[in-house]
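So the structure is just underneath, and the comments pick up after that.
There are 2 protein chains.
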Amino acid sequence: MPNQKLAGLYSRLALAAKNDLKGADTRTALREIIAESMSVVSGTSITPLQSNVAGKRYGMARLGSRTSRPINTDLFDKNVSLSSLFAIVDGTASSMNNLDWALYTVAMSYPLAADLTKDGDKKSPGTFFEHLVGHIFAVKFQTNPTRRVIVPTLGKEVSIPTDYVFELANDRRIHLPIKISTRERVVQVWAHQKLLDGMHGHGRFRGLLVCLTETNKQQDTSVTEVCLPHQWAAYQMYVAQLHRVYYFDPPERYISLRNTYPNIQVWPFSKFFNEAQSLI
Amino acid sequence: MPNQKLAGLYSRLALAAKNDLKGADTRTALREIIAESMSVVSGTSITPLQSNVAGKRYGMARLGSRTSRPINTDLFDKNVSLSSLFAIVDGTASSMNNLDWALYTVAMSYPLAADLTKDGDKKSPGTFFEHLVGHIFAVKFQTNPTRRVIVPTLGKEVSIPTDYVFELANDRRIHLPIKISTRERVVQVWAHQKLLDGMHGHGRFRGLLVCLTETNKQQDTSVTEVCLPHQWAAYQMYVAQLHRVYYFDPPERYISLRNTYPNIQVWPFSKFFNEAQSLI
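Top to bottom, those sequences are chains A and B.
Under my numbering, the residue at position 154 of the first sequence is numbered 154, and the numbers go up by one with no gaps.
Under my numbering, the residue at position 216 of the second sequence is numbered 216, and the numbers go up by one with no gaps.
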C-alpha cells in the first residue's frame with residue numbers, strides 16, 4: 001500500500017531543496033526521508049539475483065507483491081547505523097571508513113523504498129538522488145546552484161534551463177548533471193557541456209557527471225550492466241570534455257576508460273570527498 | 001481489440017525496411033499498412049479538441065474506449081484516395097497539389113490506427129514513421145542508408161550506432177534523424193551532428209531533421225504545441241549546425257526561427273520534394 005509518511009517526507013524534501021539546497025531544512029528533510037526509507041527496507045528480505053556482472057553480486061528486496069530494483073549486496077547494508085548515513089548528508093563523511101558502502105546505501109534508500117511501496121513511479125527516485133547529490137555538493141562548495149544559464153547572445157537576454165550549475169568564488173564554475181543511470185540518453189550530458197563551452201569558453205565550466213548505477217534487471221531476474229564505452233570515448237573526443245564521472249556503483253567497463261585515450265576520469269563517488277578542494 | 005492484420009503488416013514492414021529500405025518490398029509493405037490503417041481510421045468519427053495553438057484546429061478519433069493522438073484537421077483527410085497516399089510512398093509526389101495534406105495524412109495513418117487498436121504502444125508509431133521517411137529519402141537518393149559510422153580513431157576500428165546516414169555518389173553525406181516529436185530530447189540530434197562533424201570534418205555530413213509534430217494533448221483534452229525555440233537557437237549557435245528541419249505539422253514558433261539569427265531552416269516537409277536535388 002502507498003506509504004503516506006514517505007510521500008509527505010518526499011514533498012517536504014522537494015520544497016526544502018528548492019528553497020535552499022545547501023541549508024539546514026534540506027539536511028533535516030534528507031535525514032528524515034532516509035530514516036523512513038531504511039525503516040521500510042529493513043523490514044524486507046533481500047533475495048539473490050543472478051549476476052551477469054563479473055565481480056559483483058546483486059539481490060532484490062520484496063515487500064508483498066512488489067520487488068525492488070537490483071541491489072549491489074556488497075555495497076548495501078540495510079542494518080547500517082543511521083548516524084553513518086546522516087554523516088553523508090551532513091558533509092562530515094570524508095574520513096569515514098567504508099565510505100563507498102555508506103554512500104551507496106544512502107543513495108539507494110529512498111529509491112528502494114519507493115520501489116517497494118508504489119507502482120510505476122520512475123520520477124521521484126531520480127529527483128531524490130538529484131537532491132541528495134546536489135545537497136552534498138552545495139554543502140561542500142558552500143553555495144547553492146542555479147538551473148538556468150544566460151545565453152550571451154547579441155542584443156537580447158535569454159536564459160535556458162540546465163542541470164545544476166555552481167558559480168564559485170574564484171570564477172570557477174561547475175556543471176553538475178546527476179543521473180540515476182545514463183543509457184543512450186548520456187549524450188545529452190556531453191551536449192550540454194559543449195553548449196556551456198561554446199557559450200562561455202572552453203574550461204570555464206568543469207563538467208562533473210554523477211551517476212548511481214547502470215544495472216538493468218532482465219525479465220528472468222538476472223542483472224546486467226548497460227554500458228556504451230565506445231560511445232563515451234567518441235563523445236569525449238569529439239563533442240566536449242567532462243572533467244569527472246562519479247559512480248556510486250561503478251561499472252568496470254567505464255572505470256577502464258581511464259586507462260586508454262581519451263582517458264575519461266571515471267571514479268567511485270567517494271573520491272569526490274577527497275579531491276573536492278582540488279576541483280574548485 | 002488488437003488488430004492482427006495490422007500487427008502482421010507492421011512486422012512485414014519492419015523486415016522489408018531492414019533488408020532494403022528503398023526497395024519494392026518496403027514500398028509494398030508501406031502501401032499495405034497505410035491502406036489497412038486508413039481503413040481503421042475511416043470507420044471512426046473525429047471529434048474536435050480545444051486548440052491552444054493559434055491558427056490550427058485539432059480533433060481526435062475514437063474507437064470503442066480508445067482515443068487517438070491529436071489530429072490537425074486542416075491537414076488530415078480520412079477519406080483521401082489511396083492513390084494519393086501511395087504516390088508519397090512511390091516517390092512520384094513532387095508535382096502533387098496539396099502535398100502537405102497528403103504527407104500529413106500518410107504519416108498519421110499508422111500512428112492513429114495503433115492508438116485506436118492497442119494500449120501503451122509508443123514504439124511502433126515512431127518506427128513506422130522512421131521507415132516511411134527513410135524510404136522516401138532512400139528512393140530519392142537511390143541508395144540505402146547505414147546506421148553505424150566508423151570512429152576514425154588511432155589504432156583500432158570501432159563503429160558506433162547513429163541515426164540514418166546516407167553516403168551519396170559525390171562524397172556528400174546526409175545525416176537524417178527522424179522523430180515523431182522532439183521535446184527536450186532534441187539536443188541529442190545536435191550532439192550527434194557535432195559528433196559527425198568532429199569525427200569527419202565540418203560540412204562533411206548535412207544534418208536534416210525530420211519531425212511529424214510537437215502537439216501534446218492535455219488531460220482536459222486541449223491541445224498545445226511544446227516548443228523550445230531559445231534552446232534550438234542556442235544549440236544551432238554553440239553545438240552544431242543542422243542544414244534543415246522539416247515538419248509534417250510545422251509549429252509556427254519553429255518556422256519563425258528562420259527569420260532571426262542563427263536562422264535555422266525549419267520548413268514544411270513538402271519543401272524537400274522540391275529541393276532534394278540541391279541537397280545532394
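All residues carry an ideal CB built from backbone N, CA and C; glycine is no exception.
- Message: Please report the distance separating the alpha-carbon of B:H192 from that of A:I160.
- Response: Straight-line Cα distance between these residues: approximately 20 Å.
- Message: What residue range does the alpha helix (DSSP H) around A:N19 cover?
- Response: 4 to 19
- Query: Name the residues in the region 162 to 195 of chain A whose C-beta lies less than 9 Å from a C-beta of chain B; which are they?
  - Reply: E184, R185, V187, Q188, W190, A191, H192, K194, L195
- Item | Reduced DSSP category for A:K118 - H, G, I as helix; E, B as strand; rest coil | coil
- Query: For a contact meaning CB atoms closer than 7 Å, what does B:Q231 contact in chain A?
  - Reply: I160
- Pairwise C-alpha distance: A:K18 and A:E32: C-alpha separation (whole angstroms): 17 Å.
- Query: Can the beta-carbon of B:N216 be found less than 8 Å from the beta-carbon of B:D20?
  - Reply: no
- Item | Chain-order list of residues whose beta-carbon lies under 7 Å from that of A:M108 (same chain, five-residue window excluded) | I71, F76
- Task: Identify the contact partners of B:Y235 in chain A, using a Cβ-Cβ distance below 8 Å as the criterion.
- Result: A191, L195
- Item | the region 237 to 260 of chain B: positions lying closer than 9 Å to chain A by Cβ | M237, Y238, V239, A240
- Message: Looking at the secondary structure, which residues open and close the beta strand (DSSP E) in which A:E32 lies?
- Response: Segment 24 to 42 is the alpha helix (DSSP H) holding A:E32; no beta strand (DSSP E) there.
- Item | Chain-ordered chain A contacts of B:M199 [CB-CB under 9 Å] | A234, M237, Y238
- 8 Å Cβ cutoff, B:V266 in contact with chain A: At a cut-off of 8 Å between C-beta atoms, B:V266 does not count as an interface residue with respect to chain A.
- Query: B:V186: which of B:E214, B:H200, B:I174, B:I280 sits nearest, CA to CA?
  - Reply: B:E214
- Is B:L82 near the ligand FAD, with its Cβ less than 7 Å from a heavy atom? In the structure shown, the ligand FAD is absent, as is every other ligand, since no ligand is present at all.
- Message: Quick check on the DSSP output: the alpha helix (DSSP H) that includes A:F272 runs from which residue to which?
- Response: Bounds of the alpha helix (DSSP H) holding A:F272 are 270 to 279.
- Excluding five sequence neighbours on each side, which residues of the same chain lie with their C-beta closer than 6 Å to the C-beta of A:L196? H175, F205
- Message: I need the DSSP call for A:K194, collapsed to helix, strand or coil.
- Response: helix
- Item | Element boundaries [beta strand (DSSP E), containing A:A61] | Segment 58 to 63, the beta strand (DSSP E) holding A:A61.
- Task: Using beta-carbon positions only, say whether B:I280 and B:L168 come within less than 8 Å of one another.
- Result: yes
- Item | Burial state of B:Y58, where buried means 16 or more other Cβ atoms lie within 10 Å | buried
- Give me the Cα-Cα distance between B:F269 and B:T182, rounded to the nearest whole angstrom. 16 Å
- Query: Since A:Q50 sits in a beta bridge, which residues does DSSP pair it with?
  - Reply: According to DSSP, A:Q50 bridges with A:S222.
- B:Y261, buried or exposed, once every other Cβ within 10 Å from all chains shown has been counted against 16: exposed
- Message: Nearest by alpha-carbon distance to A:T146: which of A:G134, A:K140, A:L13 is it?
- Response: From the listed residues A:G134, A:K140, A:L13, the smallest Cα separation to A:T146 is found for A:G134.
- Message: Please report the distance separating the alpha-carbon of B:V165 from that of A:P250.
- Response: Each residue's Cα considered, the two are about 33 Å apart.
- Task: Pull up the CB-CB distance for B:Y104 and B:F273, whole angstroms please, since I reckon it's below 8 Å.
- Result: The Cβ separation is near 14 Å, so there is no contact.
- Quick one: does B:V139 have its CB under 8 Å from some CB of chain A? no
- Task: For B:T146, name the three-state secondary structure that DSSP assigns.
- Result: strand
- Determine the closest residue to A:A138 out of A:K123, A:S65, A:I88, A:S124, with distance taken between C-alpha atoms. A:I88
- Task: Compare the beta carbon distance of B:S51 and B:V223 with 8 Å and say whether it is the shorter of the two.
- Result: yes
- Query: Which same chain residues, not among the five before or five after A:Y254, have their C-beta less than 8 Å away from its C-beta?
  - Reply: E214, C227, P229, W232, V245, Y247, I264, V266
- Endpoints, beta strand (DSSP E) assigned at A:Y164: DSSP places A:Y164 in the uninterrupted beta strand (DSSP E) bounded by 158 to 167.
- Query: Taking the alpha-carbon positions, what's the A:K5 to A:P48 distance?
  - Reply: 29 Å
- Looking only at C-alpha atoms, which of B:N79, B:T92, B:K78, B:R69 sits nearest to B:R27? B:T92
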